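Right, one structure below, let's go through it.
Number of protein chains: 2
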Amino acid sequence: MNQDFEPYYAVIFTSTRTEGDNGYSKMADLMECLAKEQDGFMGIDSAKSEVGITVSYWKTLDAIKNWKQQSDHLQAQQKGVKDWYKWYNVKICKVEREYDFNA
Amino acid sequence: MNQDFEPYYAVIFTSTRTEGDNGYSKMADLMECLAKEQDGFMGIDSAKSEVGITVSYWKTLDAIKNWKQQSDHLQAQQKGVKDWYKWYNVKICKVEREYDFNA
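Chains as they are written, first to last, in the working numbering: chain G, 1098 to 1200; chain S, 1098 to 1200.
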């Protein structure tokens, strides 16, 4: 156990998409680029099967709030609700502990 | 914002697999069935692209600990390190807030 572990935050975004791309992929790539420029951004993991799961990592709750309100991201959120998602769920989480395995 | 929101826990498991199935899929299905029988299990989301992401949800940290130490799961963890994973990362998180969208 790492005694120096400093808690940070994860946003778990699970979703089911509508049919077709409808400009989604291009916007998703742009959003990832813009997120990486935000203060407090730490990383992102993304995978898609029947549901899509994207987890982004942030130093503070304020960093998450700032990204949520970033103007290009606000437009993407509006497009998301209108065109891309059947449903989504967002969970704001505090990462309290973690460990790795490397073969 | 739901004022009655009761925090719970998420385990974010990200991984990269070795080549081939090597008995993984059958064991993964079994582990999901067994996890669902554990006290405090709330749900699971899973998706796979370049990385695999599985997020399981639990009522308490004790429920997570009990599942980690469940005997069949311990065997699966040993097989995982030996045969299935190039690397993995486990994050234990407290879910502090969440919201949904339904089209």
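Backbone N, C-alpha and C fix where the C-beta goes; we use that ideal spot for every residue, glycine too. As the structure is a computational prediction, the values presented were derived from the model and not from experiment.
Short CB-CB distance (under 9 Å) between residue i and chain A
i: residue 1146(S); result: No chain A is part of this structure, whose protein chains are labelled G and S.
For residue i, the three-state DSSP class (helix, strand or coil)
i: residue 1148(S); result: coil
Which residues DSSP lists as bridging residue i, in chain order
i: residue 1195(G); result: 1188(S)
Cutoff 9 Å: residue i Cβ touching any chain S Cβ
i: residue 1202(G); result: With chain G covering 1098 to 1200 only, the question about residue 1202(G) has no answer from this structure.
i: residue 1155(G); result: no
i: residue 1169(G); result: no
i: residue 1193(G); result: yes
Closer than 9 Å to chain G by CB, residue i
i: residue 1164(S); result: no
i: residue 1176(S); result: no
i: residue 1130(S); result: no
i: residue 1121(S); result: no
i: residue 1107(S); result: yes
i: residue 1197(S); result: yes
i: residue 1200(S); result: yes
3-residue-minimum beta strand (DSSP E) runs that sit fully inside the region 1100 to 1160 of chain S, ordered along the chain: 1105 to 1114, 1138 to 1145 and 1149 to 1155
Any 3 or more C-beta pairs closer than 8 Å across the region 1160 to 1176 of chain G and the region 1155 to 1175 of chain S: No, the region 1160 to 1176 of chain G is not in contact with the region 1155 to 1175 of chain S.
Inter-stretch contact at 8 Å, needing at least 3 Cβ pairs: the region 1109 to 1116 of chain S / the region 1114 to 1134 of chain G: no
Cβ contact (3+ pairs, closer than 8 Å) linking the region 1183 to 1195 of chain G and the region 1176 to 1195 of chain S: yes
Three CB pairs or more closer than 8 Å across the region 1138 to 1155 of chain G and the region 1137 to 1155 of chain S: yes
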